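Residue numbers for the sequence shown follow the working numbering, beginning at 15 and rising by one. Even glycine gets a Cβ: it sits at the ideal position worked out from N, Cα and C. On a predicted model such as this, the values are computed, not experimentally measured, just so you know.
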Amino acid sequence: MSDESRQYRTAAVIPAAGRGVRLGPGAPKALRALNGTPMLIHAVRAMAASRAVSLVVVVAPPEGAPEVKRLLDAYELPGRTPGSSLGSTDYLVVPGGDTRQESVRLGLDALPEDIGVVLVHDAARPLVPVETVDAVIEAVRDGAPAVVPALPLADTVKEVEPAAKGEPEPVVATPERARLRAVQTPQGFERDTLLRAHETVALAGEGATDDAGMVERLGAPVVVVPGHEEAFKVTRPLDLVLAEAVLARRRANDGF
Ligand code: CTP
Ligand code: MG
């Protein structure tokens, strides 16, 4: 392999080890079904749908790696059948950790040497369109060390002094909405930059919820590209309703 193709070889790490507390009781969030297919499988397909992605690393719930391996074997995935028009895609499963940051690091540890570009994509964003995935990869390949897809906000945002649950909270500031963006995944990185961030930036408590934020702390530049409405994160029960509605609309539109 030439140095150039090695530099651009792209892997997607999918943290899927969370419980999904905000979604309510049940199986780990990534294993819950959307229109009969586990959320995680939708997310894996969304990454593998990009011709540029040659490896997908799934970070499974700590005790759930064997089950996730079985799921990946049971569902049809792009690029696994020889001769596929999407080229070949490899799939790996590793067990995750207690925080998202730890899970991502465990996924990064599994990357082979020849990967130059890394996407990190939440299993909880199962419906991101391939155009968004490709736009992020392209921006990294064009030289940006860290790229995040993001959208302008619909709501005005207030910074508050947090109070006990149910108590009124004093407002501290109102940032100008036009300058704010809600960030999504996949976030894309030059491999070495992301590894350096995970090796050097330690965040207390729940750890980082956003990989680009860790790269910012290194002082490296991070850029935003347009995100997509359908890349929303399934977090609360109502998000499941929206996700299934999006899938139904897709099926009606392209008979898929
Ligand atoms: N994640 C992970 N390992 C963890 C925690 C989260 O891999 N220890 C993953 C989730 O599986 C999810 C992504 O990080 O795909 C984004 O996290 P979030 O939406 O917060 O999912 P959960 O942590 O599962 O949900 P909750 O915070 O409601 O428990
Ligand atoms: Mg969480």
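Return the chain-ordered list of same chain residues with a C-beta closer than 8 Å to the C-beta of residue i, the five sequence neighbours on each side being excluded.
i      : result
Pro109 : Ala31, Val73, Ala74, Pro75, Pro76, Glu77, Gly78, Ala79, Leu120
Would the C-beta of residue i count as close to the ligand CTP, meaning under 8 Å from any of its heavy atoms?
i      : result
Asp123 : no
Gly34  : yes
Pro182 : no
Ile151 : no
Going by the C-beta, is residue i closer than 8 Å to any heavy atom of the ligand MG?
i      : result
Arg264 : no
Gly111 : no
Arg114 : yes
Thr199 : no
Thr223 : yes
If I measure Cβ to Cβ from residue i and keep anything under 7 Å in the same chain, skipping five residues before and after, which residues do I get?
i      : result
Arg155 : Tyr22, Val131
Val186 : Glu173, Val174, Glu175
Ala234 : Pro159, Ala160, Thr207
Just the C-alpha distance for residue i and residue j, rounded to the nearest angstrom, thanks.
i      : j      : result
Leu69  : Leu45  : 21 Å
Leu254 : Gly227 : 27 Å
Gly180 : Val162 : 34 Å
Val147 : Met61  : 7 Å
His242 : Thr51  : 22 Å
Ser64  : Lys247 : 20 Å
Pro39  : Arg84  : 23 Å
Thr207 : Ala196 : 22 Å
What are the start and end residues of the alpha helix (DSSP H) that includes residue i?
i     : result
Ile55 : 53 to 62
For residue i, which residues from the same chain have a beta carbon less than 6 Å from its beta carbon, with the 5 sequence-adjacent residues on both sides left out?
i      : result
Leu133 : Ala26, Pro200, Gly202
Val58  : Val70
>> Three Cβ pairs or more, each shorter than 8 Å: is that satisfied between the region 18 to 30 and the region 117 to 132?
In response: The region 18 to 30 vs the region 117 to 132: in contact.
> Are there three or more Cβ pairs, one per stretch, closer than 8 Å when the region 248 to 263 is compared with the region 131 to 141?
Replying inline: Yes, the region 248 to 263 touches the region 131 to 141.
> Quick one: any contact between the region 186 to 205 and the region 148 to 166, if contact means 3 or more CB pairs under 8 Å?
Replying inline: Three or more pairs of CB atoms, one per stretch, sit closer than 8 Å, so the region 186 to 205 contacts the region 148 to 166.
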